[in-house]
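Chemist:
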């Protein structure tokens with residue numbers, strides 16, 4: 072089984088990297104680009120035999136405690152297969 | 072309209088950050104974690120009036136030329152709405 076964890080800044084948090092990319096893309100000739108926000112994702116492969124419930128429970132805990140900074144970031148967990 | 076671009080190392084490329092996270096998670100008591108690979112994504116908002124075809128064409132070019140390093144990274148474009 073695999074899980075994917077998306078981590079990104081909360082919408083209230085400024086994303087200077089995203090803003091820099093946005094202005095660069097407009098300079099490069101893409102005026103239709105209105106906004107860019109950057110995030111990261113983690114593809115986590117789990118050993119065989121883990122139930123989907125146990126997988127989601129563990130990955131949610133891992134996302135909250137290790138992969139994301141709950142003060143400025145939000146996360147979302149997807150179980151892939 | 073919004074597009075999301077996923078950028079990650081090619082599967083043949085070593086991901087030391089992912090490996091470090093994987094071993095740390097196992098140390099923290101998650102033995103079922105078999106592998107971790109990290110990537111980044113970009114949420115790109117486009118101005119109104121851009122056709123899906125033009126949006127995909129521009130975002131694919133942007134992904135290839137700006138957001139990803141084609142030598143070691145691969146990318147995938149999703150048009151969200």
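Chains as they are written, first to last, in our numbering: chain A, 72 to 152; chain B, 72 to 152. For every residue, glycine included, the Cβ atom is placed at its ideal position computed from N, Cα and C. Given the structure is predicted, the values throughout are model-derived calculations rather than measurements.
1. For the beta strand (DSSP E) that contains residue 117 (chain A), what are its first and last residues?
2. Measuring only the C-alpha atoms, how far is residue 95 (chain B) from residue 120 (chain A)?
3. Using beta carbons (cut-off 8 Å, strictly below), is residue 85 (chain B) in contact with chain A?
4. Going straight from the alpha carbon of residue 107 (chain A) to that of residue 84 (chain B), what length do you get?
5. For the stretch 108-120 of chain A, enumerate the residues whose C-beta is nearer than 7 Å to any C-beta of chain B, in chain order.
6. Residues of chain B with CB under 8 Å from residue 105 (chain A), in chain order?
7. Rounded to the nearest angstrom, what separates residue 145 (chain B) and residue 89 (chain A) at their Cα positions?
8. Considering only DSSP beta bridges, list what residue 127 (chain B) is partnered with.
Modeler: Taking the coordinates as given:
1. 104-117
2. 21 Å
3. no
4. 27 Å
5. 108, 109, 110, 111, 112, 113, 114, 115, 116, 117, 118
6. 116, 117, 118
7. 20 Å
8. Residue 127 (chain B) is not bridged to any residue.
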